[in-house]
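Mind the numbering: the sequence shown is residues 82 to 279 in the numbering used here, read in order.
This report refers to the structure that appears directly beneath it.
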Amino acid sequence: MNFKNTYMGRLKYILVPVFILAMVTNCADLDLQPLDTVSEGAFFKTEVDFKGATLASYSSMQSLYATTEINYPAFNEWFKLAYMTSDMVTTDPGKFDFLNYSKFRFLPTDGSFQYIFVTVYQGIHRANLVLEKLASTENELTEAEKTQYEAEARFVRGWFNFLSYNLWGGNAPLLLGTRKDLNDIAVGNSTPEETVQA
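Laid out in structure tokens, this is it:
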């Protein structure tokens, strides 16, 4: 009689039912919440969550002004639009990308407008999201914390609306809430009066 065949045969008949039993009984303890992502429904509950969301709104400012080495090339885009189109600075004649901006020659291939537009409206969206989640009663914040985070989110949204007003003459889209429906994404331009009132 072969020891390997008899031992493995018995082991198979013992381990298979044990594994099946273990799988059936342990399925109730399975955590279905993904660990690598945060869902909107589970996030905005505690003070730490709202602090992180508010800091995310401020991070759009850092992206615009490139306050770290990681996003330093982004400052070049802001510099082109904000400073090269003014009388504060000038450029060498050999730097054609900067020279075009100082002469108000904007090309369709320039990424400056796209980058700044996306960054401004990303900051507005993040601030609007904080304001909407503060309005829900399903969070653990005190009234003082709600007041603080509402004021900070309104400041960030107002600051980005001020930038859009200055960059696009007050006729940029005015977003006072988040857009969740695909049919609601297209927003027309606002008037300068609407932007100032917001």
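Every residue gets a Cβ at the ideal spot worked out from N, C-alpha and C, and that includes glycine.
For residue i, the first and last residue of its enclosing alpha helix (DSSP H)
{"i": "Lys261", "result": "Note, Lys261: premise wrong, no alpha helix (DSSP H); not H, not E."}
{"i": "Arg207", "result": "193 to 216"}
{"i": "Asp130", "result": "128 to 146"}
{"i": "Leu244", "result": "224 to 249"}
{"i": "Phe187", "result": "Element bounds for Phe187: n/a, residue is neither H nor E."}
{"i": "Glu121", "result": "121 to 124"}
{"i": "Glu275", "result": "273 to 278"}
Same chain only: Cβ atoms within 7 Å of residue i, ignoring 5 sequence neighbours per side
{"i": "Arg260", "result": "Ile266"}
{"i": "Lys227", "result": "Leu215"}
{"i": "Met142", "result": "Gly204"}
{"i": "Glu213", "result": "Gly258, Thr259"}
{"i": "Thr135", "result": "Val211, Tyr230, Glu233, Ala234"}
Assumed close pair residue i, residue j - CB separation to whole angstroms, cut-off 8 Å
{"i": "Tyr230", "j": "Leu215", "result": "6 Å"}
{"i": "Lys161", "j": "Phe185", "result": "Not a contact, Cβ separation roughly 11 Å."}
{"i": "Glu221", "j": "Lys126", "result": "6 Å"}
{"i": "Asp130", "j": "Phe124", "result": "5 Å"}
{"i": "Leu256", "j": "Ile197", "result": "Not really, about 16 Å apart at Cβ, beyond 8 Å."}
Beta-carbon proximity of residue i to residue j, cut-off 7 Å
{"i": "Ser245", "j": "Val201", "result": "yes"}
{"i": "Tyr182", "j": "Thr166", "result": "yes"}
{"i": "Thr276", "j": "Gly239", "result": "no"}
Beta-carbon proximity list for residue i, same chain, < 6 Å, skipping 5 on both sides
{"i": "Phe236", "result": "none"}
Nonlocal neighbours in the same chain, by C-beta distance under 8 Å from residue i, ignoring five residues either side
{"i": "Ala137", "result": "Arg207"}
{"i": "Gly269", "result": "Pro254"}
7 Å Cβ cutoff, residue i in contact with chain C
{"i": "Glu226", "result": "In the structure shown, chain C cannot be found, because there is only a single protein chain."}
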